[in-house]
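The block underneath contains the structure these notes are about, expressed in structure tokens.
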Amino acid sequence: MYHLQRLGLSRVGLVERFGCDHSRGSSHSPSRITRSAYVNVDYVRLMQVAHSQEWPRLEADAGERLILPAEGCFFGPAEGKFDDYARAATEAGVDCEVLDVNEARNRFPMFRFPTAVGAVHDHTAGVIAAARTMTALARLAEAAGASLMWDTRVLEVDVTAGPVRLTVQQRDKHIELQAERVLICPGPWATRLLPFLASRLQVALQTVGYFVLSGSQSDFGVGHWPVWGNLGAPDGEIFYGLPAFGREGIKIARHVTSGTAHDPDLIPEQVDPAEIDRLREFLAREFVPSVERLVGAEHCLYTNTSTEDYIVDL
1 MYHLQRLGLS RVGLVERFGC DHSRGSSHSP SRITRSAYVN VDYVRLMQVA
51 HSQEWPRLEA DAGERLILPA EGCFFGPAEG KFDDYARAAT EAGVDCEVLD
101 VNEARNRFPM FRFPTAVGAV HDHTAGVIAA ARTMTALARL AEAAGASLMW
151 DTRVLEVDVT AGPVRLTVQQ RDKHIELQAE RVLICPGPWA TRLLPFLASR
201 LQVALQTVGY FVLSGSQSDF GVGHWPVWGN LGAPDGEIFY GLPAFGREGI
251 KIARHVTSGT AHDPDLIPEQ VDPAEIDRLR EFLAREFVPS VERLVGAEHC
301 LYTNTSTEDY IVDL
């Protein structure tokens with residue numbers, strides 16, 4: 001909505017199944033990563049625009065800082081995605097350095113790098129204050145005249161004739177809405193509203209853990225601890241993480257894009273202990289500081305194509 005209003009649309013509305021701060025999608029929790037290091041040069045160039053234009057504009061409009069600079073470290077074995085990341089960063093000319101493993105250990109002494117051949121040191125990376133950003137976007141949209149319908153479920157979208165018709169449910173009441181254009185961003189519910197995409201999308205449950213590590217806790221905050229990603233091997237596991245921000249403990253998750261398809265309406269309340277064990281095993285293998293304790297865990301839902309590329313238009 002922020003961009004639609006900024007581009008001149010005067011009547012804009014939002015229909016959201018949950019509240020602004022819900023945890024059933026991919027944008028909740030205190031923190032998320034932003035970076036320029038990506039698997040191909042097209043995404044790197046998109047991030048250059050985001051970092052140089054879009055985020056500064058949003059922060060200025062919101063009147064608050066939404067990105068906190070944090071050095072990025074993206075590493076892995078030669079046969080994984082690391083080579084693609086290094087190649088894309090070099091080709092785009094972004095503010096990243098490709099390091100050999102010895103230099104990577106010098107700059108990022110918190111990592112052991114047992115299997116990595118090197119690292120991409122991303123000087124543009126940072127921590128997005130995710131919850132703060134969502135609140136700011138909603139506030140800006142409403143201030144510009146947008147109609148925000150929270151806790152309202154879209155039941156049907158009829159595009160067979162203009163205008164587009166939406167049937168929505170708000171509490172126990174059904175409401176019919178009309179619009180000239182509809183942008184559908186349903187996340188894990190995409191295959192419900194857009195069933196023709198069912199064969200192209202899969203919902204994957206992510207488990208995020210928050211751990212306290214040994215040492216001075218001031219060493220694990222933004223500005224001291226990097227945002228990072230272990231890029232794995234072609235068929236290997238990928239892990240990523242962030243400094244402590246907005247809650248106790250560093251944040252770490254395993255990047256899951258395939259396997260069991262998950263129903264977004266049937267997500268378990270408790271995390272799987274086996275997934276927490278995987279995070280612990282990774283930390284013990286890759287990190288120099290040891291794990292003192294788990295201080296929190298949560299779920300996140302990814303809605304992916306087989307290539308992990310976006311479906312922007314149909």
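Take 1 as the starting number for the sequence shown in the UniProt record's numbering and just add one per residue. Just so it is clear, CB atoms sit at the ideal spot from N, CA and C, and this is done for glycine as well. Just so you know, these numbers come straight off a predicted model, no measurement behind them.
Please go through the same chain and pick out, in chain order, the residues whose beta-carbon is closer than 7 Å to the beta-carbon of Leu193, but skip the five residues on each side of it.
Cβ neighbours of Leu193 beyond the five flanking positions: Val154, Val157, Ile184 and Pro186.
If distances are taken between C-alpha atoms only, which option among Lys251, Leu205 and Glu54 comes closest to Thr133?
The closest CA to that of Thr133, considering only Lys251, Leu205 and Glu54, is found on Glu54.
Sub-8 Å separation of Leu301 and Leu242 beta-carbons
No. Outside cutoff.
Where do the ends of the alpha helix (DSSP H) carrying Asp122 lie?
DSSP places Asp122 in no alpha helix (DSSP H) but in the uninterrupted beta strand (DSSP E) bounded by Gly118 to Asp122.
Reducing DSSP to helix, strand and coil, say where Leu242 ends up.
In the three-state reduction of the DSSP assignment, Leu242 falls in the strand class, which pools E and B.
Work out the CA separation of Phe18 and His28 for me, nearest whole Å.
Roughly 12 Å separates the two Cα atoms.
Which term fits Gln270, buried or exposed, when burial requires 16 or more other beta carbons within 10 angstroms of its beta carbon?
Looking at its Cβ environment, which holds fewer than 16 other Cβ atoms inside 10 Å, Gln270 is exposed.
Can you list, in chain order, the residues of its chain with a C-beta nearer than 6 Å to that of Phe245? Leave out the 5 residues immediately preceding and following it.
If we look at Phe245 and ignore the five residues flanking it on each side, its Cβ neighbours are Pro30, Ser31, Val127 and Val222.
Let's test the definition: count the other Cβ atoms within 10 Å of the Cβ of Lys81 and tell me whether it reaches 16, buried, or not, exposed.
Lys81 comes out buried.
Per-residue burial, Phe196 [other beta carbons within 10 Å of its own, 16 or more giving buried]
Per the 10 Å Cβ criterion, exposed.
Counting along the chain, where does the beta strand (DSSP E) carrying Met149 start and finish?
Its beta strand (DSSP E) spans residues Ser147 to Met149.
Measuring CA to CA, which of Trp228, Tyr2, Gly13 and Asp219 is closest to Glu180?
Its Cα nearest to that of Glu180, the residue Gly13 stands out among Trp228, Tyr2, Gly13 and Asp219.
Gly25, buried or exposed, once every other Cβ within 10 Å from all chains shown has been counted against 16
Taking every protein chain shown into account, the CB of Gly25 has 16 or more other CB atoms within 10 angstroms, so this residue is buried.
According to DSSP, is Ile276 helix, strand or coil?
Ile276: helix per DSSP, three-state reduction.
Please check the pair Trp228 and Gly72, which I expect to be a contact at CB under 8 Å, by giving their CB distance rounded to whole angstroms.
Rounded, the Cβ-Cβ distance is 7 Å, consistent with contact.
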